[in-house]
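Input: a single structure, listed below in structure tokens.
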Amino acid sequence: MQMRSHLQRLFPSLLCAFSVAFPYCFAGTLDIWVGNRSEFLFSPGDFAGGAALCMLGVWVLLTAVLVLLPERIYPVAFGLFAWFGIMSCVQGMFLNYGMRSLLEDDGGTQASPTWFVVLDTVLWIAAGVGCVVGALKMKKKEMVRTVAMILLVTVCGMQLVGCVSLVPKLFAPGTETATETGTGGTEPSESGTAGAETASGRTDNAGTETGTGTADGEPDKLYLTNAGLNTVAPGKNIVIFVLDRFDTLYYDELLAEDPDVFAFLTGFTAYPDNVSLYSRTYPGVTSMISGMRNDFSGSAEQYFATAYGQSDFLRTLRENDYAVRIYTADYYGYRDAVALAGVANNLNASHGYTVTDRGRLLGNMLALSAYRYLPTVLKPLVSVSTASFTGVGSYGEAPAYELDDADVLATVRGGLSVDSRFGQNAYTFLHLNGCHVSAGSMKSSARRGLEIIRRYLDEMKRLGVYDDATVVITGDHPWAVDDHVEPTQPRLTALFVKEAGAAEKPLRVSTAQVSQENLIPTLVKSAGLRTDRSFGTAYSEVPEGVDTERHHLFELTYGNGYSALVDFRVCGKGRDFANWQVDSRTDIGWLYK
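Numbering (our numbering) for the sequence shown: -5 to 587.
Shown next, in the form of structure tokens:
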């Protein structure tokens, strides 16, 4: 009798368990990859096998649990599992209001409208009650059982059809599948700048030949490495430390907790009334390096090619025999670093991306899948960003630079050395994860960034290159709070500047109203670069007590994933939001196109 009962449960239990295991453990991971393919360096083959095994294991386990449960508990458990499977399908297809790229600056989290969170939660609760009540009546009412089976078959069928429909996209042009060596695909060059002639036969100053391809004709992937990260030039050094999302809010909190937290910045001037040009890492970082804005008329690759290739500032550095080392992560700072060929010294070429930690990669993909299917109220429990994928793979012999502050701290702790092989002078742009939470709290992440800077500056002093150095510590953008809502409070970015010749004077604070527009002029004038170009006004040339006009371009994302550029004109003190006025709103389509 008991055996017969178990056999009767088998088919509905298989359906119920499949409705949960398949989307969360397999289909969701593929869907996430397809939807965010340009943000991933790896291919589906690097995680799909593990996801399939995980799905089979969970499917068998849940089926066994349902089949073997006592008779009194089985209906409730069946109702709960069916509820979770059905509503996860509904959530993934219809209820992810405003869901966008899962790997944006804020790590995929978003502040959904309160009304929607309430509505979504009510729907889940109502469906849960209905499923459990229906399951309790299944044994006595055949119609209820039939309806339940039809629902589960429909949900499972929709999930299977949806997964099959992804297959052509998985193998679409520009995406390689995994090979036996774990080589992932690279994304296509939308602007066509990755041609052979661009990088042909160039030898970078890191001693690595960047060719045009490999023996089988496949194009090389150019990327920024960490080469030279532990060196400084014997002459003049320009060093830019960028703590990602270094908002003045965090500056104020750190200062309130420890008034001496920034005391090590001798020779520096703090500018707490500083306005960044952009509200996100893209195109914020590239605009800081190049001095060129993005009008969003073309693709990201087209912007990178134009910004790095036509920058007057980068050209001026080369004309003054400066080695240029740019340490920033791909996707937000570049796609294929062919745009940086002839610009950055720390370039390397690789045929592909090899995944070295498949377990961690699979865990991240499963977390992203869970984020997709969970009810809105539970989504904040899942936090996976580009930093989460740091260390899951590599390009080969020369490690790619990644936003891994722990790794950078370890490098700096090992000490710096003077290296004149690349020239007497050097420009170093060091982008850190900064105020994004990579481990622990935001404050601990920010303190680790400051510890990197402190040790780096101490090494510069030890090596005798600090006095003549120009050093800037800032963020690439402020905290957006919510990318889906126009700001209603000031958005300011912390800033510290040390010009050449300033060394032992205590840190001072300036109330001058400055902006990112003053960054490159400061570097040019402080370092004494020879040029006939006019770059503008330096930070130190902006008088205190005088109102200036500044602009902040807020990248507003709509619920459908499209974005607008909201141009705030700031006239007067930046901490008074009454001085922030919207100058224009321009629809720009998909931000990361």
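Even glycine gets a Cβ: it sits at the ideal position worked out from N, Cα and C.
Since the structure is predicted, the reported quantities are computational estimates derived from the model, not experimental observations.
- Assigned with DSSP and collapsed to three states, Gln575 falls in strand.
- Within the same chain, Tyr556 come within 6 angstroms of Gly583 by CB-CB distance, once the 5 residues on both sides are set aside.
- Assignment of Val412 by DSSP, reduced to helix, strand and coil, places it in the strand class.
- Of the residues assessed, Asp581 falls on the exposed side of the cut-off, its CB having fewer than 16 other CB atoms within 10 angstroms.
- With respect to the 8 angstroms criterion, Phe258 and Ile467 are not classified as neighbours on the basis of their beta carbons.
- A straight line joining the alpha-carbon of Cys429 with that of Ala294 spans about 24 angstroms.
- The beta carbons of Thr551 and Asp477 sit closer together than 8 angstroms.
- Taking the C-beta atoms as reference points, Gly73 is found nearer than 8 angstroms to Cys125.
- Put simply, of Cys10, Pro253 and Ala364 the residue whose alpha carbon is nearest the alpha carbon of Phe20 is Ala364.
- Contact check for Phe298 against Leu559 fails: the beta carbons are separated by 8 angstroms or more.
- In the DSSP assignment, Arg366 falls within the unbroken alpha helix (DSSP H) covering Arg352 to Tyr367.
- Going by DSSP, Asp561 is part of the beta strand (DSSP E) stretching over Tyr556 to Cys565.
- In the three-state reduction of the DSSP assignment, Asp581 falls in the strand class, which pools E and B.
- Contact between Tyr302 and Val337 holds, with the beta-carbon distance rounding to 5 angstroms and staying under 8 angstroms.
- Rounded to the nearest angstrom, the gap between the Cα atoms of Thr516 and Leu237 is 19 angstroms.
- When only Cα atoms are considered, Glu453 and Phe256 end up about 17 angstroms apart.
- Around the Cβ of Met286, a 10 Å sphere holds 16 or more other Cβ atoms; the residue is buried.
- For Gly22 and Phe16, the gap between their C-alpha atoms comes out near 8 angstroms.
- Residue environment: Ala250 is assigned as exposed (fewer than 16 neighbouring CB atoms within 10 Å of its CB, all protein chains considered).
- In the DSSP assignment, Leu489 falls within the beta strand (DSSP E) that extends over Leu489 to Lys492.
- In the DSSP secondary-structure assignment, Phe423 is bridged to Ile234 and Ile320.
- Residue burial annotation: Thr140 is exposed, with fewer than 16 other C-beta atoms found within 10 angstroms of its C-beta.
- Note: Val508 is bridge-paired with Asn268 in the DSSP secondary-structure output.
- Per the Cβ contact rule, the stretch 391 to 402 is in contact with the stretch 318 to 338 (3 or more Cβ pairs under 8 angstroms).
- Collapsing the DSSP output to three states places Thr464 in a strand.
- The shortest CA-to-CA distance from Leu62 to any of Ser509, Arg3 and Tyr18 is the one to Arg3.
- Assignment of Lys373 by DSSP, reduced to helix, strand and coil, places it in the helix class.
- Rounded to the nearest whole angstrom, the C-alpha separation of Asn358 and Val503 is 43 angstroms.
- For Leu1 and Gly128, the gap between their C-alpha atoms comes out near 21 angstroms.
- The three-state secondary structure of Gly44, taken from DSSP, is helix.
- Distance from the CA of Val14 to the CA of Trp53, rounded to the nearest whole angstrom, comes to 8 angstroms.
- Assignment of Val28 by DSSP, reduced to helix, strand and coil, places it in the helix class.
- Between the C-alpha atoms of Val412 and Asp315 there is a straight-line separation of about 17 angstroms.
- For Val149, the CB contacts under 8 angstroms within the same chain, skipping 5 residues up- and downstream, are Ser13, Gly79, Ile80 and Cys83 in chain order.
- As summarised for the stretch 288 to 316, the continuous alpha helix (DSSP H) elements at least 4 residues long and confined to that stretch are 294 to 303 and 306 to 313, given in chain order.
- Three or more pairs of CB atoms, one per stretch, sit closer than 8 angstroms, so the stretch 261 to 276 contacts the stretch 483 to 494.
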